[in-house]
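Add 2 to a position in the sequence shown, counting from 1, and you land on the number used in the working numbering. Heads up, the beta-carbon is just placed ideally off N, CA and C, and yes, glycines get one too. Keep in mind the model is a prediction, meaning the values are calculated, not measured. Just below is one structure, and these are the notes that go with it.
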Amino acid sequence: VGAFGYDLLFQFDPIQLKLPRGDRKDLHLFFCDDIYYMDRKKEQIERFQYEFELDGLSTIGLPREGQAVPKAPQRKAAPITSDHTREEYMANVETVRKGMKQGNFYEVVLRQSFKTTYSGSPSKLFETIQQASPSPYEFILQLGGEQLIGASPEMFVRVEGPRVETCPISGTARRTGDPMLDAENIKQLLMSAKEESELTMCTDVDRNDKSRVCVPGSVKIIGRRLIESYVGLFHTVDHVEGLLLPGFDAIDAFLSHMWAVTLIGAPKKAASQAIENLEKDARGWYGGAVGMLSMNGDINTGITIRTVHLKNGFATYPAGATLLYDSVPAAEEEETRIKATGFFRAMAGKAKPPAPAINDTFGKGLKLLLVDNDDCFIQTLANYARQTGAEVVTYRSGIPESMIEAINPDLILVSPGPGRPSDFGVPDLVRFAARAGYPVFGVCLGLQGIVEAFGGELGVLDYPMHGKPSKVRHFNKGAFVGLPEEFRVGRYHSLYALPEKLPDVLEVTAMSDDGIIMGVRHRELPIEAVQFHPESLLTLEGNCGLHLIENMIRLHGRAKAGHWINR
3 VGAFGYDLLF QFDPIQLKLP RGDRKDLHLF FCDDIYYMDR KKEQIERFQY
53 EFELDGLSTI GLPREGQAVP KAPQRKAAPI TSDHTREEYM ANVETVRKGM
103 KQGNFYEVVL RQSFKTTYSG SPSKLFETIQ QASPSPYEFI LQLGGEQLIG
153 ASPEMFVRVE GPRVETCPIS GTARRTGDPM LDAENIKQLL MSAKEESELT
203 MCTDVDRNDK SRVCVPGSVK IIGRRLIESY VGLFHTVDHV EGLLLPGFDA
253 IDAFLSHMWA VTLIGAPKKA ASQAIENLEK DARGWYGGAV GMLSMNGDIN
303 TGITIRTVHL KNGFATYPAG ATLLYDSVPA AEEEETRIKA TGFFRAMAGK
353 AKPPAPAIND TFGKGLKLLL VDNDDCFIQT LANYARQTGA EVVTYRSGIP
403 ESMIEAINPD LILVSPGPGR PSDFGVPDLV RFAARAGYPV FGVCLGLQGI
453 VEAFGGELGV LDYPMHGKPS KVRHFNKGAF VGLPEEFRVG RYHSLYALPE
503 KLPDVLEVTA MSDDGIIMGV RHRELPIEAV QFHPESLLTL EGNCGLHLIE
553 NMIRLHGRAK AGHWINR
């Protein structure tokens, strides 16, 4: 078990070395005779202890004492810095692009290294990284006066019997924790021709690496552009396998792939020379591998990425981006920082981002009447309103005016529904509320009913918008105050308010990207509505739908008592 340094590559395929190497090691392996095996699924740990004998040599009776290593020097806390300015890294991207235009290489993986002081416990840092960035290859390696602590997502080479397996990773998108925004980021990642080209080149080189030692016809892609999720980011991944030719073993497979194209580029020799020419210092352990060589001939190794190198009281974290001719320098520089998110959090002592707080108090004491127009989304709408602390009571359409007066709601919510507003008496309900002084907020059919209640007319869309997303722009009025100037919403309607027939007492508060009225409010009364569905999953991005409901309750919930302000 141990670590394999990047410079091992040059033992087999030398280049012109320009960067100083100092006392860096190329290889550090442990011959393990005391192993703890933890099965996470079974929640149990097994211990294996071995003695070895070969050609008259034996480990029986030898002392099992570790090497004494002095503690790292204590250093003052310092901010995290990079060995590149943003401008320097982007300039290197342009240099690589020029080389690609001349045909010198197809892709190059350039890194920058982030560094800060660290005087804490390596094992404590390992625990923090485990929590912050759970990954398939988690490790802490004591290499004398230095430690490698990592959570690598990417397999290098795994060999079990004759089967050789790799999972090239290339293509990155930010993971925000917002399911809707993350879904959009994944869609953009999968639609990106540049990201697809990245992974295609990596996998073509990987297949070539296998073809050197595998049975002809056995090298196959068994997974293409799969999405893998990690803290802070998503990756696209291919899965490739092959069968070893007779006469080759796991070590041959390991050497044939040295090193992963996803950490060097292609062709490997030309790309590694570009790395030597452009990066600030020798890579050391970064871009090599960590893992184990089993006594039965199997190998299981991960690529040394997402790894903190501790030495002399400093913590260093390299992060790279795969550059193509299509690369945008600023985007590639930002990608390296996205990949370093886990390191930034670990150095701050934070395992996971804090959960957002929910404001569930400002609506307490308010009673909302939700009028159900035979719709299938009202419970979610009520759920949103209840998250403010308000009480919500629901009645079907046609509720008598006397019952409304008995309930005495602080706000009437008029739900979406099928058909026309008049089918459910929505215009009559709105006119009654206006006379009686009850605030009203309408959704979808509710907006249409408000428009008709004050003399407006409706049209029919040429193409029904049922479960369709749209971008909405608003004028920062009423329930839209404080929301992003433009955001995505979910629409479920065929009818719409005709702008040329909109009554003067109503003003438009929002429009869709296809020119349809998405929000209206009364110029004098506490009556407002939206055509889209704030409770739809298509309106989840940035919690805009929930925030709109919160605004609506803040603005209109006390209007009955004379506290409404026409903002």
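Taking a contact to mean a Cβ-Cβ separation below 9 Å, would you say V394 touches L431 in this structure? By one-based count along the sequence shown, residue 394 stands at place 392. By one-based count along the sequence shown, residue 431 stands at place 429. Cβ distance not < 9 Å, so V394 and L431 don't count as in contact.
Let me know if L537 comes out buried or exposed under the rule of 16 or more other beta-carbons within 10 Å of its beta-carbon. The sequence position of residue 537 within the sequence shown is 535, counting from 1. Contrary to the premise, residue 537 reads as Glu rather than Leu in this sequence. Buried is the label assigned to E537, since at least 16 other Cβ atoms lie within 10 Å of its Cβ.
In or out: Q69 buried (at least 16 other Cβ within 10 Å) or exposed? Locating residue 69 in the sequence shown gives position 67, where the first residue counts as 1. So Q69 ends up on the exposed side.
Touching or not, the stretch 319-328 and the stretch 153-165, by the rule of three or more beta carbon pairs under 8 Å? no
Distance, R433 Cα to V442 Cα: Here the question's residue 442 lines up with position 440 in the sequence shown. Here the question's residue 433 lines up with position 431 in the sequence shown. Going from the Cα of V442 to the Cα of R433 covers about 10 Å.
Candidates G122, L447, H237: closest to P418 by CA position: Numbered from 1 along the sequence shown, position 416 holds the residue referred to as residue 418. P418 has its Cα closest to that of L447, out of G122, L447, H237.
So, is Y39 buried or exposed, given that buried needs 16 or more other C-beta atoms within 10 angstroms? The residue given as residue 39 occupies position 37 in the sequence shown. By the 10 Å Cβ count, Y39 comes out exposed.
As a quick exercise: from P331, R23, I401, A531, pick the residue whose alpha carbon is nearest that of N94. Here residue 94 is taken as the residue at index 92 of the sequence shown, counted from 1. Taking only the C-alpha atoms, the option nearest N94 is P331.
Taking only runs of the beta strand (DSSP E) that begin and end inside the stretch 283-343, which ones reach a length of at least 3 residues, in chain order? 291-295, 301-305, 309-313, 316-325
Does L127 pass the burial test, meaning 16 or more other C-beta atoms within 10 Å, or should it be called exposed? The residue labelled residue 127 in the question sits at position 125 within the sequence shown. Classification of L127: buried, given that the 10 Å Cβ count is 16 or more.
Endpoints, the alpha helix (DSSP H) within which P429 is located: In the sequence shown, the residue the question calls residue 429 occupies position 427. Counting along the chain, the alpha helix (DSSP H) containing P429 begins and ends at 428-438.
Do you know offhand how far S135's Cα is from P155's? Here residue 135 refers to the residue found at position 133 of the sequence shown. Here residue 155 refers to the residue found at position 153 of the sequence shown. Spanning the two alpha carbons is a distance of roughly 9 Å.
Taking the alpha-carbon positions, what's the P16 to E96 distance? As a working mapping, residue 16 is identified with position 14 in the sequence shown. As a working mapping, residue 96 is identified with position 94 in the sequence shown. Distance between the alpha carbons of P16 and E96: 26 Å.
Proximal residues to Q275 (C-beta, below 7 Å), its chain only, five neighbours per side dropped: Position 273 of the sequence shown, counted from the first residue, corresponds to residue 275. Closer than 7 Å at the Cβ level, and outside the excluded window around Q275, lie I17, Q18.
Is it buried or exposed for H468, if we count other Cβ within 10 angstroms and need 16 for buried? The count along the sequence shown starts at 1 and reaches residue 468 at position 466. Under this definition H468 is an exposed residue.
What residue range is occupied by the uninterrupted beta strand (DSSP E) comprising F236? Taking the sequence shown and counting its residues from 1, one reaches residue 236 at position 234. Taken as a continuous stretch (DSSP letters only), the beta strand (DSSP E) holding F236 covers 235-245.
With 16 other CB atoms within 10 Å as the buried threshold, where does M520 fall? On the sequence shown, position 518 is the one that residue 520 refers to. Buried, since its Cβ has 16 or more Cβ neighbours within 10 Å.
Cβ shell of L295 (< 6 Å), same chain only, five flanking positions each side left out: Residue numbering aside, residue 295 sits at position 293 when the sequence shown is read from its first letter. Its chain contains I301 as the residues whose beta carbon lies nearer than 6 Å to that of L295, once the 5 sequence neighbours on both sides are disregarded; these appear in chain order.
What does the alpha-carbon distance come out to for the pair P528 and H558? Working through the sequence shown from its first residue, we reach residue 528 at position 526. Working through the sequence shown from its first residue, we reach residue 558 at position 556. Distance between the alpha carbons of P528 and H558 is about 6 Å.
Could you check what DSSP says for G448 in three-state terms: helix, strand or coil? For the purposes of this step, residue 448 is identified with residue 446 of the sequence shown, where counting begins at 1. Residue state, collapsed to three classes: helix.
By DSSP's criteria, V110 is part of a beta bridge. Which residues make up the other side? Position 108 of the sequence shown, counting from 1, holds the residue named residue 110. According to DSSP, V110 bridges with G267, L325.
Specify the secondary structure class of H468 as computed by DSSP and reduced to three states. Taking the first residue of the sequence shown as position 1, residue 468 is located at position 466. The answer is strand: DSSP assigns H468 an E or B state.
Supposed contact pair I555 and T390 - C-beta distance, whole angstroms, cut 8 Å: Mapped onto the sequence shown, residue 390 falls at position 388. Mapped onto the sequence shown, residue 555 falls at position 553. Yes, T390 and I555 are in contact; Cβ-Cβ is about 5 Å, under 8 Å.
Thinking just about the alpha-carbon of each residue, which of L235, D206, K196 is nearest to the one in A185? In the sequence shown, counting from the first residue as 1, residue 185 sits at position 183. Of L235, D206, K196, the residue nearest in Cα terms is L235.
Simplified DSSP state of Y139, which is helix, strand or coil: Within the sequence shown, residue 139 is the residue found at index 137, counting from 1. Of the three classes helix, strand and coil, the one that applies to Y139 here is strand, per DSSP.
Within its chain, find whatever has a CB closer than 7 Å to the CB of D377; leave out the 5 residues flanking it on each side and keep chain order. By 1-based counting over the sequence shown, the position of residue 377 is 375. Counting only Cβ-Cβ distances below 7 Å, and skipping sequence neighbours, we find S417, P418, G419.
Alpha carbon to alpha carbon, what distance is there between G461 and T168? Working through the sequence shown from its first residue, we reach residue 168 at position 166. Working through the sequence shown from its first residue, we reach residue 461 at position 459. Rounded to the nearest angstrom, the two C-alpha atoms are 58 Å apart.
According to the neighbour-count rule (16 or more other Cβ atoms, all chains shown, within 10 Å of its Cβ), is Y52 buried or exposed? Position 50 of the sequence shown, counted from the first residue, corresponds to residue 52. Counting Cβ neighbours within 10 Å, Y52 comes out exposed, since fewer than 16 surround it.
Answer with buried or exposed for I266, where buried requires no fewer than 16 other C-beta atoms within 10 angstroms of its C-beta. Within the sequence shown, residue 266 is the residue found at index 264, counting from 1. When all chains shown are included, I266 counts as buried.
Alpha carbon to alpha carbon, what distance is there between L64 and M54? Taking the sequence shown and counting its residues from 1, one reaches residue 54 at position 52. Taking the sequence shown and counting its residues from 1, one reaches residue 64 at position 62. Inspection of the sequence shows that residue 54 is occupied by Phe rather than by Met. Cα to Cα, F54 sits roughly 11 Å from L64.
Which residues mark the beginning and the end of the alpha helix (DSSP H) in which Y38 is found? Translated into positions along the sequence shown, residue 38 becomes position 36. Counting along the chain, Y38 falls outside any alpha helix (DSSP H), though it belongs to the beta strand (DSSP E) covering 36-41.
Do you know offhand how far I47's Cα is from D36's? Walking along the sequence shown from the start, residue 47 turns up at place 45. Walking along the sequence shown from the start, residue 36 turns up at place 34. I47 and D36: Cα-Cα distance of roughly 13 Å.
Cutoff 7 Å; reference A261; Cβ partners in own chain excluding five residues on either side: Here the question's residue 261 lines up with position 259 in the sequence shown. Note on identity: in this sequence residue 261 is Trp, with Ala being the wrong assignment. Excluding positions up to five away in sequence, the list reads Y8, L11, G289, G290.
Whole-angstrom C-beta distance between R523 and L540, which should lie under 8 Å: For the purposes of this step, residue 540 is taken as residue 538 along the sequence shown, with counting starting at 1. For the purposes of this step, residue 523 is taken as residue 521 along the sequence shown, with counting starting at 1. In fact, because the Cβ distance is near 23 Å, the residues do not count as touching under 8 Å.
Please name the residue or residues paired with G152 in a DSSP beta bridge. What you label residue 152 is simply residue 150 of the sequence shown in a count that begins at 1. For G152, the beta-bridge partners assigned by DSSP are F141, T309.
I'd like to know whether the C-beta atoms of L449 and A387 end up nearer to each other than 9 Å. Indexing the sequence shown from 1 puts residue 449 at position 447. Indexing the sequence shown from 1 puts residue 387 at position 385. For L449 and A387, no; Cβs fall outside 9 Å.
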